[in-house]
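Working notes, structure below.
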Amino acid sequence: MIHTSKETDERREATGPRLKVSEEAVLPLECWCLHGAVGAASDWRSLAKKLAEHGISTRAVDLWRFLECQSVSMSDFGRQLNAQAEGEVARGQRRVLIGYSMGGRLALHALLAGGSWAAAVIISAHPGIQDLDQASSRRSNDSDWACMALTIPWSEFLMKWNAQAILGGQIRDAREEKKLLQRRREIARSFVDWSLGVQSPLWERLGEITIPTLWIAGENDPKFVDLAEAAVALSASSSLAIAPDSAHRVPWENETWLANRILEFVS
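Read left to right, the sequence shown gives residues 1 to 267 (the working numbering).
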């Protein structure tokens, strides 16, 4: 059963046996999932169902609620998310942070801000642009997306967004796509506050992340395979998994593989 908390977050309780982490201990585990740009908490429902069947609860975070009232930097987001997670320690669960694309970049900021995460999974995420000209170009491009998110018909905006070669088309049904219209202001703001062009490069700080961290990229997404390989080389606690038959949108292009890989990683 899906529950909502913190407004529009979605939580799914485990339905199968609890995760066995050793012969002596069986601990409850909850994965906090951060969606990508122009995404929604509901994007994780199918994966959450698979994890629930194997004893793992999930909380899909609605990232747009952080931008409802004001601008929030990526660093501030990380601190806010950690504070919310700390407030639930009493539930006695180990927590794993999972982030996809933009959500992966936000997850990195949360990890670097501390928190009591037991592990992390970073999917198709960029640690940061180091070239100043490239960063400037990205800011300009994201500014254009922000403008379109606010001004052109929503269906046209979504069509343009999903038509990007890296994304490979629509991933959710028309009803879920339409629901995003209610968040167009926050989505537009995210292209400014959370633009990759605004993000400070995190490469030199990746070694500060000491919890087990699994970096994932799709085998047909060579740019992000290279980024993940470079990131793993900078952190002794990191490992790499390449998703077969997948490009950028690994959680939807090879969901079963991802669910199994997460289960192996957290066991």
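C-beta atoms are modelled at their ideal positions from N, C-alpha and C, and glycine is treated no differently.
A quick note: this is a predicted structure, and the numbers were derived from the prediction, not measured.
The region 123–130 contacting the region 215–224, beta-carbon criterion three pairs below 8 Å = yes
ask   = For C69, which three-state DSSP category applies?
value = In the sequence shown, residue 69 corresponds to position 69, counting from 1. In the structure shown, C69 sits in coil (DSSP, three-state: anything other than H, G, I, E or B).
inquiry  = Please state whether the Cβ-Cβ distance between E13 and A60 is less than 8 Å.
reply    = Within the sequence shown, numbered from 1, the residue matching residue 13 stands at position 13. Within the sequence shown, numbered from 1, the residue matching residue 60 stands at position 60. No, these two residues do not count as a Cβ contact at 8 Å.
ask   = Does DSSP classify T58 as helix, strand or coil?
value = On the sequence shown, position 58 is the one that residue 58 refers to. It is a strand residue.
query = What residues in its chain sit with their C-beta under 6 Å from that of G36, if we drop five residues either side in the sequence?
reply = Taking the sequence shown and counting its residues from 1, the one referred to as residue 36 is at position 36. The residues are Y100, S101, M102, G103.
request  = Please determine, among V225, G87, Q80, the residue with the shortest C-alpha to C-alpha distance to S239.
outcome  = Numbered from its first residue, the sequence shown carries residue 239 at position 239. If we check each option's Cα against that of S239, V225 comes out closest.
key: Neighbourhood of F265 by C-beta distance below 6 Å, restricted to the same chain and skipping five residues each side   = If you number the sequence shown from 1, residue 265 lands on position 265. So the qualifying residues of the chain are L214.
query = Which same chain residues, not among the five before or five after E176, have their C-beta less than 7 Å away from its C-beta?
reply = Along the sequence shown, read from residue 1 onward, the residue named residue 176 stands at position 176. A40, S42, listed in sequence order.
key: Collapsed DSSP secondary structure at V38 in the structure displayed   = What you label residue 38 is simply residue 38 of the sequence shown in a count that begins at 1. Three-state result, V38: coil.
query = Measuring CB to CB, does A110 end up less than 8 Å from I211?
reply = Sequence index remark: in the sequence shown, residue 110 carries index 110 (1-based). Sequence index remark: in the sequence shown, residue 211 carries index 211 (1-based). Not in contact: A110 and I211 (Cβ atoms no closer than 8 Å).
ask   = Pairing CB atoms from the region 189–196 with CB atoms from the region 60–69, are three or more of them under 8 Å?
value = yes
query = Should I187 and V72 be called a contact, given that it needs their Cβ atoms to be closer than 8 Å?
reply = Position 187 of the sequence shown, counted from the start, is the residue given in the question as residue 187. Position 72 of the sequence shown, counted from the start, is the residue given in the question as residue 72. Result no, Cβ atoms of I187 and V72 do not sit closer than 8 Å.
inquiry  = For a test of the three-state rule: what should DSSP assign to S239, helix, strand or coil?
reply    = Mapped onto the sequence shown, residue 239 falls at position 239. Of the three classes helix, strand and coil, the one that applies to S239 here is strand, per DSSP.
ask   = Which residues in the same chain as I166 place their Cβ atom closer than 6 Å to its Cβ, once the five residues preceding and following it in sequence are excluded?
value = Reading the sequence shown from its first residue, position 166 is the one you call residue 166. Same-chain partners within the cutoff: H248.
task = Work out the CA separation of R185 and G169 for me, nearest whole Å.
result = Reading the sequence shown from its first residue, position 169 is the one you call residue 169. Reading the sequence shown from its first residue, position 185 is the one you call residue 185. Going by the C-alpha atoms only, they are around 23 Å apart.
Status (buried if at least 16 other CB within 10 Å, exposed otherwise) for S246 = Position 246 of the sequence shown, counted from the start, is the residue given in the question as residue 246. That one is buried.
message = Let's see if you can read the secondary structure: which residues bound the beta strand (DSSP E) around D9?
response = Taking the first residue of the sequence shown as position 1, residue 9 is located at position 9. Taken as a continuous stretch (DSSP letters only), the beta strand (DSSP E) holding D9 covers 9–12.
request  = Tell me, to the nearest whole angstrom, how far the beta carbon of I209 is from that of L106; I am working on the premise that it is less than 8 Å.
outcome  = One-based indexing of the sequence shown puts residue 209 at position 209. One-based indexing of the sequence shown puts residue 106 at position 106. Rounded, the Cβ-Cβ distance is 14 Å, inconsistent with contact.
ask   = Should C270 be labelled buried (16 or more other beta-carbon atoms within 10 Å of its own) or exposed?
value = Since the first residue of the chain shown is 1 and the last is 267, residue 270 is not available in this structure.
ask   = Is V96 near A120, with beta carbons less than 8 Å apart?
value = Position 96 of the sequence shown, counted from the start, is the residue given in the question as residue 96. Position 120 of the sequence shown, counted from the start, is the residue given in the question as residue 120. In contact: V96 and A120 (Cβ atoms closer than 8 Å).
inquiry  = So if DSSP puts A217 in a beta bridge, which residue, or which two residues, is it bridged to?
reply    = Counting from one through the sequence shown, the residue named residue 217 turns up at place 217. Partner(s): I242.
Reduced DSSP category for L234 - H, G, I as helix; E, B as strand; rest coil = For the purposes of this step, residue 234 is identified with residue 234 of the sequence shown, where counting begins at 1. Residue state, collapsed to three classes: coil.
key: Boundaries of the beta strand (DSSP E) in which A120 is found, first to last residue   = For the purposes of this step, residue 120 is taken as the residue at position 120 of the sequence shown. Looking at the DSSP string, the run of the beta strand (DSSP E) that includes A120 is 119–123.
message = Checking 8 Å against the spacing of the C-beta atoms, do I98 and C31 come in under that value?
response = Walking along the sequence shown from the start, residue 98 turns up at place 98. Walking along the sequence shown from the start, residue 31 turns up at place 31. Yes, the Cβ-Cβ distance between I98 and C31 is below 8 Å.
request  = Go ahead and pull the three-state DSSP assignment for A90.
outcome  = Looking up residue 90 in the sequence shown gives position 90. Residue placement at A90 is poorly supported in this model, since its pLDDT is 49, which falls under 50; the coordinates still yield a value, given next. Of the three classes helix, strand and coil, the one that applies to A90 here is helix, per DSSP.
inquiry  = To the nearest angstrom, how far is the alpha carbon of T15 from that of N141?
reply    = Within the sequence shown, numbered from 1, the residue matching residue 15 stands at position 15. Within the sequence shown, numbered from 1, the residue matching residue 141 stands at position 141. Computed Cα separation, rounded: 43 Å.
task = Could you tell me which residues DSSP puts in a beta bridge with W145?
result = Along the sequence shown, read from residue 1 onward, the residue named residue 145 stands at position 145. Paired residue(s): none; W145 is not in a bridge.
request  = With DSSP as the reference, label I262 as helix, strand or coil.
outcome  = In the sequence shown, residue 262 corresponds to position 262, counting from 1. I262 falls in the helix class under three-state DSSP.
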